[in-house]
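Going by the working numbering, the letters in the sequence shown line up with residues 104 to 436, in that order. Below is one structure, written out as structure tokens, with a few remarks after it.
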Amino acid sequence: MDDYTVISSLYYCDSFLISLTKLPNAQHGLSRLRSLHCEACLPSEFFFGLAEICHNIKEIELECGCIESNGLNALVKTQKKGLISFSLSSHVSMPLLVNVLSNKVNTLKHLKFSGHYRMPLTIFAKSPLESLTVKSYERVRKEYFEPLTLNLVQKLWKLELNLVGLPIESLVIIVRNSGTTLREIYLQWSYVSDKHNSPALFTSIAENCTQLNSLSIPVNSKTILKLDEITCSNPHLKNLTLHGDTMPGYKIDISEGIVKLANSGFIPKKLEYLHFSHDNTLKDVDALDIFFSNAKTILTKPLKFKANEDLVEGKFIQNYNNIIAKHFIKQQF
Numbered sequence: 104m105d106d107y108t109v110i111s112s113l114y115y116c117d118s119f120l121i122s123l124t125k126l127p128n129a130q131h132g133l134s135r136l137r138s139l140h141c142e143a144c145l146p147s148e149f150f151f152g153l154a155e156i157c158h159n160i161k162e163i164e165l166e167c168g169c170i171e172s173n174g175l176n177a178l179v180k181t182q183k184k185g186l187i188s189f190s191l192s193s194h195v196s197m198p199l200l201v202n203v204l205s206n207k208v209n210t211l212k213h214l215k216f217s218g219h220y221r222m223p224l225t226i227f228a229k230s231p232l233e234s235l236t237v238k239s240y241e242r243v244r245k246e247y248f249e250p251l252t253l254n255l256v257q258k259l260w261k262l263e264l265n266l267v268g269l270p271i272e273s274l275v276i277i278v279r280n281s282g283t284t285l286r287e288i289y290l291q292w293s294y295v296s297d298k299h300n301s302p303a304l305f306t307s308i309a310e311n312c313t314q315l316n317s318l319s320i321p322v323n324s325k326t327i328l329k330l331d332e333i334t335c336s337n338p339h340l341k342n343l344t345l346h347g348d349t350m351p352g353y354k355i356d357i358s359e360g361i362v363k364l365a366n367s368g369f370i371p372k373k374l375e376y377l378h379f380s381h382d383n384t385l386k387d388v389d390a391l392d393i394f395f396s397n398a399k400t401i402l403t404k405p406l407k408f409k410a411n412e413d414l415v416e417g418k419f420i421q422n423y424n425n426i427i428a429k430h431f432i433k434q435q436f
């Protein structure tokens with residue numbers, strides 16, 4: 104590291120960098136570090152070294168949560184100002200990090216958790232969050248998200264959740280609170296029976312969101328029929344992904360909902376990407392023909408289309424391929 108080297112972003116994935124802070128001119132080179140991304144379980148020594156030099160880190164992304172590190176806690180504690188972005192993928196509880204982090208979240212805008220461990224959202228209840236991502240391997244209950252529902256000022260522009268279970272009451276409130284600020288919603292859940300999956304979330308999105316650019320959402324036989332309500336209130340929607348909201352081994356027929364959307368007059372004119380993902384099926388292949396025909400008269404750009412390989416049954420494959428060829432739709436994007 105020479106006299107002129109200044110590192111603003113550090114991506115760690117090699118044990119060689121453990122001694123980085125001991126290199127010549129490290130004090131100068133690392134003093135302006137703003138972003139730290141680690142992809143390994145690191146010894147505390149590495150973080151203690153950074154804590155002595157780096158005092159204005161704004162973004163921390165950790166995919167190394169196999170142990171709780173005193174060095175990491177020290178690094179977070181020594182930051183003079185609050186963080187803007189924090190991401191953690193961990194398999195173990197980190198109560199000490201929670202305590203330290205709670206004093207650095209008044210400026211936090213971007214929060215992401217994945218893995219088996221999820222930090223309590225209580226400490227982020229007053230953070231000015233703009234994006235929230237939670238990908239969990241464990242069942243998530245409504246109590247987990249409740250701290251965020253109490254903040255009426257918090258306005259998300261991005262909500263991304265991949266959950267086991269569906270805490271629908273809390274999600275409905277979060278969507279309502281964010282309202283027209285929301286631009287991107289990416290939702291996926293598993294092991295949810297139909298009786299626990301009411302269309303209330305679709306209704307909340309339709310009634311409160313008007314500026315969505317991207318929507319990825321599970322659909323079932325009930326909620327697919329409410330899709331046109333969402334597109335009606337979100338005419339600027341560019342990316343739409345539908346995947347089956349069902350138990351493993353089952354598929355959701357989306358034919359009726361696609362025809363309803365096509366005939367409603369509410370196909371978003373700026374729609375560019377349409378993706379029928381996993382666990383969907385089309386028992387009425389002509390539903391696609393109706394949709395594409397109506398879309399051509401509305402869309403401002405050619406539509407790009409992608410679908411899972413088993414969207415239609417084998418006996419309908421030829422008809423399906425003919426429809427795709429007829430409308431000159433690209434199947435991959």
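By construction, the Cβ of each residue, glycine as well, lies at the ideal position given by its N, Cα and C atoms.
Identity of the residue in the options nearest residue i by Cα
i	options	result
residue 246	141, 231, 389, 269	269
residue 380	206, 338, 408	408
residue 369	257, 233, 401, 414	401
residue 353	163, 200, 414, 237	414
residue 347	273, 197, 410, 421	410
residue 404	371, 421, 419, 416	371
residue 233	141, 349, 277, 422	277
residue 255	342, 273, 264, 223	273
residue 395	235, 412, 375	375
Anticipated Cβ contact below 8 Å, residue i with residue j, distance rounded
i	j	result
residue 215	residue 190	4 Å
residue 358	residue 390	4 Å
residue 211	residue 230	4 Å
residue 139	residue 162	7 Å
residue 92	residue 111	In this structure the chain extends from 104 to 436, so residue 92 is not present and cannot be described.
residue 253	residue 228	6 Å
Contact set for residue i: own chain, Cβ-Cβ below 7 Å, skip 5 residues either direction
i	result
residue 158	181, 182, 183
residue 243	266, 267, 268, 270
residue 185	207, 208, 209, 210, 211
residue 431	none
residue 428	none
residue 387	358
residue 419	388
Whether residue i touches residue j by CB criterion (8 Å)
i	j	result
residue 177	residue 151	yes
residue 327	residue 365	no
residue 304	residue 284	no
residue 384	residue 355	yes
residue 280	residue 314	no
residue 292	residue 250	no
residue 208	residue 226	yes
residue 330	residue 377	no
residue 373	residue 340	yes
Neighbourhood of residue i by C-beta distance below 6 Å, restricted to the same chain and skipping five residues each side
i	result
residue 309	332, 333, 336
residue 319	289, 344
residue 282	311
residue 306	none
residue 360	327, 328, 330
residue 367	331
residue 248	270, 273
residue 324	none
residue 165	141, 191
residue 342	317, 376
residue 263	236, 289
residue 198	none
residue 338	371
Cut-off 8 Å between Cβ atoms - residues of its own chain near residue i, not counting five sequence neighbours on either side
i	result
residue 170	144, 195
residue 424	none
residue 187	161, 162, 210, 211, 212, 213
residue 286	260, 261, 314, 315, 316, 317
residue 421	none
residue 241	219, 221, 267
residue 294	242, 267, 268, 350
residue 69	Since the displayed the chain opens at 104 and closes at 436, residue 69 lies outside it and no answer follows.
residue 137	111, 112, 159, 160, 161, 162
Problem - Within the segment 386 to 416, ranges of the beta strand (DSSP E) (whole runs, at least 3 residues) - result: Entirely contained in the segment 386 to 416, the beta strand (DSSP E) runs reaching 3 residues are, in chain order, 407 to 410.
Exercise for the section: Go through the segment 316 to 390 residue by residue and report every complete run of the beta strand (DSSP E) that reaches 3 residues or more, in order. Expected result: Qualifying beta strand (DSSP E) stretches, in chain order: 317 to 322, 342 to 347, 376 to 379.
Handout entry: Whole beta strand (DSSP E) elements within the segment 248 to 297, 3-residue minimum
Key = Here the runs fully enclosed are 261 to 267, 287 to 293.
Exercise for the section: Give, in chain order, every unbroken run of the beta strand (DSSP E) that is at least 3 residues long and sits entirely within the segment 146 to 234. Expected result: For the segment 146 to 234, whole beta strand (DSSP E) runs of length 3 or above, ordered along the chain, are 162 to 168, 188 to 193, 213 to 218.
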